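**Student:** I have a structure I would like to understand better, so I am pasting it below and will then ask my questions one at a time.
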Amino acid sequence: MWEFLVAFIPRAIVNGMPLLFGSTGEILTEKSGNLNLGIPGIMFVGAIAGTTGAFLYEQSVGAANMNAWLGTLIPVLSCLVGSFLMGLLYCFLTVTLRANQNVTGLSLTIFGTGLANFLGGTLIKLAKTDASSASSLTISGSLKYFSAGTDPGWLAYVGIGIAILVSLFLRYTRTGLQLRAVGENPATADAAGINVTRYKYLATIIGSMIAGLGGLYYIMVSSQTWSEPKIDASGWLAIALVIFTTWRPSLSIFASIGFGGLLILGTRLDFATEMKELFELVPYVVTLIVLIIVSLRKKRENQPPQSLGLAYFREER
Amino acid sequence: MILEAVKNAVRMEGITKHFGSVVANRDINLELHEGEILSLLGENGSGKTTLMNMLSGIYYPDEGQIYIHEKPVKIASPKDAFENGIGMIHQHFKLVDVFTATENIILGLEEKGMLNVKKAAAKIREISERYGFEIDPNQKVYNMSVSQKQTVEIIKVLYRGADILILDEPTAVLTPQETDKLFSVMRNMKNDGKSLIIITHKLHEVLEVSDRVAILRKGEYVGDVETKTADQQSLTDMMVGRAVSLNIDRPKAQEIKERLRVEHLTVRDVEGVKRLNDVSFSANAGEILGIAGVAGSGQRELLEAIAGLQKTDPESRITYIEPESDEEKQLNGKDPLEIIKSGILLSFVPEDRFGMGLVGGMSITDNVMLRSYRRGKHNPFFDHKFPKELANKIVNDLEVVTPNVDKIPLRRLSGGNVQKVLVGREIEQSPTVLMTAYAVRGLDINTSYTIYNLLTEQKMKGVAVIYVGEDLDVLLELCDRILVLCGGQVSGIVDGRNVTKEQIGLMMTKVGGGE
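Residue numbers (our numbering), protein chains in the order written: chain A, 1 to 317; chain B, 1 to 515.
What follows is the structure, given as structure tokens:
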């Protein structure tokens, strides 16, 4: 049992981290009143941008001559730029043009998934290293900078750190208070002299970038290869976790690891291998049950930000 | 004679504001003297709120110049307004429900250093003592009464150091006692050297609290008068532009007969808390039964229970007595469709016009059809002709101002016209019981009186009218009997012809009205 846990918990963390990044980013976004359903797409774009950066760097200098700093920074920065652009696009559509948030988010998810898989396929063709594994891409050069074998790697600490920081930010800082006011009641925030548009943009874009790192983590640590990744599954679970944790990133640390464990239950339990497909359902069934239970609790503080999903226009009459 | 030099806290010069092709304010010149209370008076849509919103930075004027303490200023955002010492208390409170009073008050402030809630709370207590507010800085807004929320709003602007305060219809939701308290606070502020503008529809309040009255009509400035030299009639005439009768007729109906009997009515909310507790009364044909109470005392639940929209406890009985046959029918446990099907003609004007009464995106005809589509021929396609005729009739009878009845979405009409459509539609059902909740909320004097007359007309036709209202003066003039609710209980049922406002006010805050 002990041995099982020692082997299981690190894997749970490895598979849970993308959820933590995703849900932390989405919590920050939702606190500004933006319901960003584009998170799965943004995580995909973050993942492919980081992978592309790593791949191009490795191709240009050769695996042997890679610099540890550049090998780390290039994927991370590419990932941040990719998810930044996705966040910016979402904000421009929903905040500036006041497009419907649900439709915009869903289109970004479809767009991001398609784009990432297309670029991933292109990279695999470019690599052409091994004809037998034509459907996967291994960027072995950069991987070692993110995780040595099976441990969760330094990026996991970053994820937990960000979650704690976002929690503290929302709870204890003046800016956090004002951000929450924007999500609850933008007209009130506006009348109080808070720049609603700026808060929405910043929170959503930073949230997207945090979520994008989740995509990068998925490739660099969880799967360690680009082979038809199921990042969208992690993305949707991350959005569900936002409700599950009642908009608290600090709770999401534990919830994400728990769901990370559920995700790999089928492959880790001896008796479960026979019913692998059935066990793959577990996290989603648990999500459904949890959402039902959470929706039954009626405490005011646990409700979503009041203006979540609504565009704000000052002179609307 | 030496004139005392008057210093202006605010001077607005040649202010014009358009919304699309509509002119909300045209060439307005308004002055607010230092240390005075100015009433801003005008009908709905006369541009009072728009004008004040330009002072508080919500809107920006198209033309004109604003001077604060005789210095020309540009107020482009609420922040600019704060910097000029202007604070506005809006009609709809701008508060975040899940925040505490303190958090709401310090929201948007750019003080140096870390967020220090304790220090802010201490400053709030100090302000409260100075002007006589009662407030708990750590209370969450969603737990507060309307009057407490208003207090938070006022402290919010005082906390920011405002010396010019604008109050947009502050008394609309207060009990008489709360209004008195507010006025005494306003006088304290005035004595402290602050300048105040109050927007209100209630003329007796204008006369009671203000030093000077400025009047707007259809977006234009009509003039100002010293309150000392004005009375209700002269103010109304200036406001409407012609002489208006301010008396509500209260004829006695020939036959008064029990129409609706409510016994032991108890209604609980989702958490199981009793919103109505053992309420018993009867509503009579040929009478207007007024229902008074502090907002949220169970008025909504009462009407909804009768209309079949609320679950009631088993011991509750709501009995309808047929006008012709005196046959008794039980209403409780029936949903609205079952009530209609059993031949009971019940009309309901809910307080939430667009939430429950009307569909904002649809035309007048379509909204009329919502109530009438079961009449007439039954076939898969609906009949447009009949509802359109009905819509035209309502528009003509009630003088609804609208470009057409079947194209323009209802939301685009002004509040008064929307309310006329709703009331008109319900009356067109020729009901035997007519229930109205806050039928004149937000309407100007002229439209309000149209509605009062309609209700009286219905009463004389032998309809049992139930009128939930918030303006006690009107309740006292309009209603034959008044039922006062307090915390979901019947505090008393009194004769509208011989009761005073103070008595009702006491009953609103305490069951039975005793000390």
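Yeah, the Cβ is synthetic: ideal placement off N, Cα and C, and Gly gets one too.
Here the structure is a predicted model, which is why all the values come from computation and not from measurement.
Tell me which same chain residues have a C-beta within less than 6 Å of the C-beta of Leu263 (chain A), skipping the five on either side of it?
**Tutor:** Cβ neighbours of Leu263 (chain A) beyond the five flanking positions: Asn15 and Pro283.
**Student:** Is the beta carbon of Phe259 (chain A) closer than 9 Å to that of Thr287 (chain A)?
**Tutor:** Cβ distance < 9 Å, so Thr287 (chain A) and Phe259 (chain A) count as in contact.
**Student:** Count the other C-beta atoms from every protein chain shown that fall within 10 angstroms of the C-beta of Trp2 (chain A), then say buried if there are 16 or more, exposed otherwise.
**Tutor:** Looking at its Cβ environment, which holds fewer than 16 other Cβ atoms inside 10 Å, Trp2 (chain A) is exposed.
**Student:** Would Ile364 (chain B) pass as a contact of Val400 (chain B) if the rule is Cβ separation under 9 Å?
**Tutor:** A contact, by the Cβ cut-off of 9 Å.
**Student:** Taking the C-alpha atoms as reference points, what is the distance between Ile248 (chain B) and Thr100 (chain B)?
**Tutor:** So the alpha carbons of these two residues sit roughly 43 Å apart.
**Student:** Is Met189 (chain B) close to the ligand SAH? I mean its beta-carbon at under 8 Å from any heavy atom of the ligand.
**Tutor:** As far as ligands go, the structure on display features none, and thus does not contain the ligand SAH.
**Student:** Met54 (chain B) CB to nearest chain A CB: under 9 Å?
**Tutor:** With 9 Å as the cut-off, Met54 (chain B) does not count as an interface residue toward chain A.
**Student:** Using a Cβ-Cβ distance cut-off of 9 Å, determine whether Phe183 (chain B) contacts chain D.
**Tutor:** The question asks about chain D, but that chain is absent: this structure's protein chains are A and B.
**Student:** Tell me the residue span of the alpha helix (DSSP H) that contains Thr149 (chain B).
**Tutor:** Inspection of the sequence shows that residue 149 (chain B) is occupied by Lys rather than by Thr. Counting along the chain, the alpha helix (DSSP H) containing Lys149 (chain B) begins and ends at Val146 to Tyr159.
**Student:** Check whether the Cβ atoms of Pro137 (chain B) and Ile89 (chain B) sit closer than 9 Å, and answer yes or no.
**Tutor:** No. Outside cutoff.
**Student:** Based on DSSP bridge pairs, tell me the residues matched to Lys257 (chain B).
**Tutor:** Paired residue(s): B:Ala285.
**Student:** Would you decide whether Ser60 (chain A) is buried or exposed? Buried here means 16 or more other CB atoms lie within 10 Å of its CB.
**Tutor:** Ser60 (chain A) comes out exposed.
**Student:** Using 10 angstroms around the beta-carbon of Glu515 (chain B), count the other beta-carbons present and answer buried if the total reaches 16, otherwise exposed.
**Tutor:** In this prediction, Glu515 (chain B) scores a pLDDT of 43, lower than 50, which makes its location untrustworthy; no coordinate-derived value is stated.
**Student:** List the endpoints of the continuous alpha helix (DSSP H) containing His18 (chain B).
**Tutor:** Note, His18 (chain B): premise wrong, no alpha helix (DSSP H); beta strand (DSSP E) at Asn8 to Phe19.
**Student:** Return the residues of the stretch 139-167 of chain B that lie within a Cβ-Cβ distance of less than 7 Å from chain A, sorted by chain order.
**Tutor:** Against chain A - using a Cβ distance shorter than 7 Å - the residues of the stretch 139-167 of chain B are Tyr142.
**Student:** Quick check: the Cα distance between Pro152 (chain A) and Val158 (chain A), rounded to an integer number of angstroms?
**Tutor:** For Pro152 (chain A) and Val158 (chain A), the distance between alpha carbons rounds to 11 Å.
**Student:** Quick one: list the residues of chain B neighbouring Asn185 (chain A), beta-carbon separation under 8 Å, in chain order.
**Tutor:** Within chain B, the residues near Asn185 (chain A) are Lys94, Leu95, Val96 and Asp97.
**Student:** In three-state terms, what does DSSP make of Arg130 (chain B)?
**Tutor:** Arg130 (chain B) falls in the helix class under three-state DSSP.
**Student:** By the three-class DSSP mapping on this structure, what secondary structure does Leu41 (chain B) have?
**Tutor:** Here Leu41 (chain B) sits in strand by DSSP.
**Student:** Is the distance from the Cβ of Ser83 (chain A) to the Cβ of Ala116 (chain A) below 9 Å?
**Tutor:** Contact flag unset, no.
**Student:** Per DSSP, which residues does Leu434 (chain B) bridge with? Please list them.
**Tutor:** Its beta-bridge partners are B:Ser347 and B:Val465.
**Student:** DSSP three-state label for Pro305 (chain A), please.
**Tutor:** Coil.
**Student:** In whole angstroms, what is the alpha-carbon distance linking Ile194 (chain A) and Gly108 (chain B)?
**Tutor:** Each residue's Cα considered, the two are about 6 Å apart.
**Student:** Where does Trp69 (chain A) land, buried or exposed, given buried means 16+ other C-beta within 10 angstroms?
**Tutor:** So Trp69 (chain A) counts as exposed.
**Student:** Could you name the residues that DSSP lists as bridge partners for Glu63 (chain B)?
**Tutor:** Glu63 (chain B) pairs with B:Thr16.
**Student:** I want to verify the contact list: residues of chain B whose CB lies under 8 Å from the CB of Ala203 (chain A), in sequence order.
**Tutor:** Simply none; closest approach about 16 Å.
**Student:** Mind checking whether Ser414 (chain B) and Asn53 (chain B) have CB atoms under 9 Å apart?
**Tutor:** Contact: no.
**Student:** Against Ala178 (chain A), what residues of chain B qualify as contacts under a CB-to-CB distance less than 7 Å, listed in chain order?
**Tutor:** This sequence places Gln at residue 178 (chain A); Ala is not what is there. Near Gln178 (chain A) (Cβ distances below 7 Å), the residues of chain B are Leu107 and Gly108.
**Student:** Determine, for Tyr90 (chain A), whether the minimum Cβ-Cβ distance to residues of chain B falls below 9 Å.
**Tutor:** No, Tyr90 (chain A) does not count as interfacial toward chain B.
**Student:** What three-state label does DSSP hand Lys407 (chain B) in the structure shown?
**Tutor:** Here Lys407 (chain B) sits in coil by DSSP.
**Student:** Any contact between the stretch 194-201 of chain B and the stretch 16-29 of chain B? By contact I mean 3 or more CB pairs, one from each, below 8 Å.
**Tutor:** Judged by Cβ distances under 8 Å, the stretch 194-201 of chain B makes no contact with the stretch 16-29 of chain B, as fewer than three pairs qualify.
**Student:** Buried or exposed: which applies to Ala175 (chain B), given that a residue is buried once 16 or more other Cβ atoms fall within 10 Å of its Cβ?
**Tutor:** Per the sequence presented here, residue 175 (chain B) reads as Thr, with Ala not at that position. It is buried - the Cβ of Thr175 (chain B) has at least 16 other Cβ atoms within 10 Å.
**Student:** Using the Cβ count rule (16 or more neighbours within 10 Å means buried), how would you classify Val285 (chain A)?
**Tutor:** With fewer than 16 Cβ atoms within 10 Å of its Cβ, Val285 (chain A) is classed as exposed.
**Student:** First and last residue of the alpha helix (DSSP H) that includes Gly87 (chain A)?
**Tutor:** Segment Ala68 to Cys91, the alpha helix (DSSP H) holding Gly87 (chain A).
**Student:** Going along the chain, which residues of its own chain have a beta-carbon closer than 6 Å to the beta-carbon of Leu398 (chain B), five neighbours each way excluded?
**Tutor:** Cβ within range, chain order: Lys420 and Gly424.
**Student:** For chain A, find out if any of its Cβ atoms is closer than 9 Å to the Cβ of Glu169 (chain B); answer yes or no.
**Tutor:** By this cut-off, Glu169 (chain B) is not an interface position.
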